[in-house]
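S.K.:
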Amino acid sequence: MTLSANATTRFWNNVLNYNQPGKCWEWRGYRNYKGYGRCRIKGTKLRRAHRVAWMLANGSEPPPTLFVCHKCDNPPCCNPEHLFLGNHRENMADKVEKARRSRGTKPFTLELPKSMILRLQEWSVYEQQSIAALVRGAIEVALTEAEY
Ligand SMILES: [Zn+2]
């Protein structure tokens with residue numbers, strides 16, 4: 009299907025940050041429970057806004073068997089630069105990879121015990137490098153001792 013110039017203008021008027029490069033262009037109209045924008049084009053059923061955005065940018069409908077996926081992982085985004093075509097397998101692999109990456113940062117956060125925080129505050133008069141050397145030394149001792 010093609011959109012009239014008026015319908016095309018109405019569509020992009022519903023998109024936040026339209027034509028601002030690099031930004032997510034979020035659909036401001038109705039969104040479904042997953043956050044995907046929905047729009048009604050005259051005479052058709054509700055359509056996914058990001059698929060319509062892909063169509064407007066590429067001049068043809070996305071193939072019905074393919075997903076229009078988000079590089080930015082932001083469901084309401086309609087910026088064609090953030091969209092790519094993928095099959096079901098690629099779409100799922102992309103979701104798994106994104107989930108893995110976002111989980112991947114968590115094991116490296118460390119919550120310090122209160123006693124350690126108090127000690128660090130006492131030491132805050134010293135240079136951070138000296139404190140880091142002390143902490144490294146303490147960690148080395150702790151890990152070495154842990155082996156026996
Ligand atoms: Zn985006």
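Position one of the sequence shown corresponds to residue 9 (this note's numbering), numbered consecutively onward. Glycine included, C-beta positions come from ideal geometry on N, C-alpha and C.
Just checking C77 against ligand 1 - is the residue's beta carbon closer than 7 Å to any of the ligand's heavy atoms?
M.R.: no
S.K.: Sorry if obvious, but does the Cβ on H58 come closer than 7 Å to a heavy atom of ligand 1?
M.R.: no
S.K.: Could you tell me whether any non-hydrogen atom of ligand 2 is closer than 7 Å to the CB of C47?
M.R.: You won't find ligand 2 in this model; what it holds is ligand 1.
S.K.: Is the beta carbon of N87 within less than 7 Å of some heavy atom of ligand 1?
M.R.: Yes; taking the cut-off as 7 Å, the Cβ of N87 has a heavy atom of ligand 1 nearer than that.
S.K.: Tell me the DSSP secondary structure of L54 in three-state form.
M.R.: strand
S.K.: Let me confirm a value: L120 is counted as buried when at least 16 other C-beta atoms fall within 10 Å, else exposed. Which label applies?
M.R.: Answer is exposed; the Cβ neighbour count stays below 16.
S.K.: Answer yes or no: do H58 and C80 have a C-beta to C-beta separation smaller than 8 Å?
M.R.: no
S.K.: What are the boundary residues of the alpha helix (DSSP H) that includes R48?
M.R.: Note, R48: premise wrong, no alpha helix (DSSP H); beta strand (DSSP E) at R46 to R48.
S.K.: What do you get for E105, buried or exposed, if any count of 16 or more other CB atoms within 10 angstroms of its CB means buried?
M.R.: exposed
S.K.: Can you tell me whether G30 is buried or exposed, with buried defined as 16 or more other CB within 10 angstroms of its CB?
M.R.: exposed
S.K.: Cα-Cα, which of P84, M124 and Q129 is closest to G37?
M.R.: P84
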